[in-house]
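The working numbering puts the sequence shown at residues 18 to 203. Don't be surprised by glycine CBs; every beta carbon is placed ideally from N, CA and C. Data first, discussion second: the structure below is written as structure tokens.
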Amino acid sequence: MGFEYKISTRVFNPKSSEPFKLSRTKVDLFLNCPRCFYLDRVLGIGRPSTPPFSLNSAVDALLKKEFDTHRAKGTRHPLVKQYGIYSVPFEHEKIEEWRDALRRGIQYHHKDTNLLLTGGIDDVWVDPEGKLNIVDYKATSKTSEVSIDADWQIAYKRQVEFYQWLFRQNDFQVSNIAYFVYCNGK
18 MGFEYKISTR VFNPKSSEPF KLSRTKVDLF LNCPRCFYLD RVLGIGRPST PPFSLNSAVD
78 ALLKKEFDTH RAKGTRHPLV KQYGIYSVPF EHEKIEEWRD ALRRGIQYHH KDTNLLLTGG
138 IDDVWVDPEG KLNIVDYKAT SKTSEVSIDA DWQIAYKRQV EFYQWLFRQN DFQVSNIAYF
198 VYCNGK
């Protein structure tokens with residue numbers, strides 16, 4: 018079984034007047050492996066694809082649906098109450114657009130570099146002060162306590178920080194506090 022590499026037609030052209038789209042995952046690729054980023058975004062040689070995380074995607078979809086019921090009612094989810102959090106799911110006309118990482122996500126055009134930076138959030142809540150909390154859903158199966166303190170989990174923190182930055186660039190008041198909702202199948 019061999020790996021298949023993707024050849025992309027969307028490569029960076031510094032002479033183009035069109036903004037060049039960079040997703041949060043591509044920014045993270047640059048931070049982890051500048052060479053891999055160059056091969057991917059400049060030469061069009063993508064990394065081998067990874068198998069889909071079907072269970073993670075299903076958990077993600079179920080959590081979004083469940084929190085959407087509380088969004089519609091403007092109420093706190095029981096889990097949020099259990100942990101003493103007073104935020105509620107943020108009601109906004111663009112919530113589905115922001116969640117759609119493949120087609121749109123939340124975007125910001127950085128004019129100095131002509132980069133269109135994008136990211137697809139899992140959720141966003143609003144605290145009692147009117148500030149937004151970025152929320153990321155995670156699925157795992159661990160016998161030990163779930164945390165985000167392992168060295169490899171710095172990517173999770175960068176992910177929510179990137180989304181916080183995107184929302185701030187779109188003129189939203191954003192809290193420095195983000196939440197990770199973990200579903201542990203231990």
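Collapsed DSSP secondary structure at residue i in the structure displayed
{"i": "Val143", "result": "strand"}
{"i": "Ile194", "result": "coil"}
{"i": "Ser40", "result": "strand"}
{"i": "Val28", "result": "coil"}
{"i": "Cys50", "result": "coil"}
{"i": "Asp78", "result": "Looking at the sequence shown, residue 78 is not Asp but Ala. It is helical."}
{"i": "Lys174", "result": "helix"}
{"i": "Asn201", "result": "strand"}
{"i": "Ala156", "result": "strand"}
{"i": "Leu60", "result": "coil"}
{"i": "Asn150", "result": "strand"}
{"i": "Pro65", "result": "coil"}
{"i": "Ser71", "result": "helix"}
Rounded C-alpha distance that separates residue i from residue j
{"i": "Pro65", "j": "Tyr125", "result": "28 Å"}
{"i": "Gly147", "j": "Lys32", "result": "42 Å"}
{"i": "Leu119", "j": "Glu110", "result": "18 Å"}
{"i": "Asp144", "j": "Tyr199", "result": "20 Å"}
{"i": "Asn201", "j": "Ala156", "result": "6 Å"}
{"i": "Phe274", "j": "Asp153", "result": "Because residue 274 is not part of the residues shown, which for the chain are 18 to 203, the question remains open."}
{"i": "Phe107", "j": "Phe197", "result": "16 Å"}
{"i": "Tyr100", "j": "Phe84", "result": "15 Å"}
{"i": "Pro36", "j": "Arg185", "result": "20 Å"}
{"i": "Thr42", "j": "Ser34", "result": "23 Å"}
{"i": "Ile102", "j": "Asn73", "result": "24 Å"}
{"i": "Val76", "j": "Asn187", "result": "29 Å"}
{"i": "Tyr180", "j": "Ile194", "result": "12 Å"}
Rounded distance between the beta-carbons of residue j and residue i, thought under 8 Å
{"i": "Trp115", "j": "Gly137", "result": "7 Å"}
{"i": "Arg93", "j": "Val105", "result": "5 Å"}
{"i": "Lys38", "j": "Thr130", "result": "With a Cβ gap of about 12 Å, Lys38 and Thr130 do not count as contacting."}
Query raised in the report: In chain order, which beta strand (DSSP E) runs of at least 3 residues are fully inside the region 101-135?
Result: 123-127
Query raised in the report: How about the region 140-155 and the region 49-61: do they share at least three Cβ pairs that are nearer than 8 Å?
Result: no
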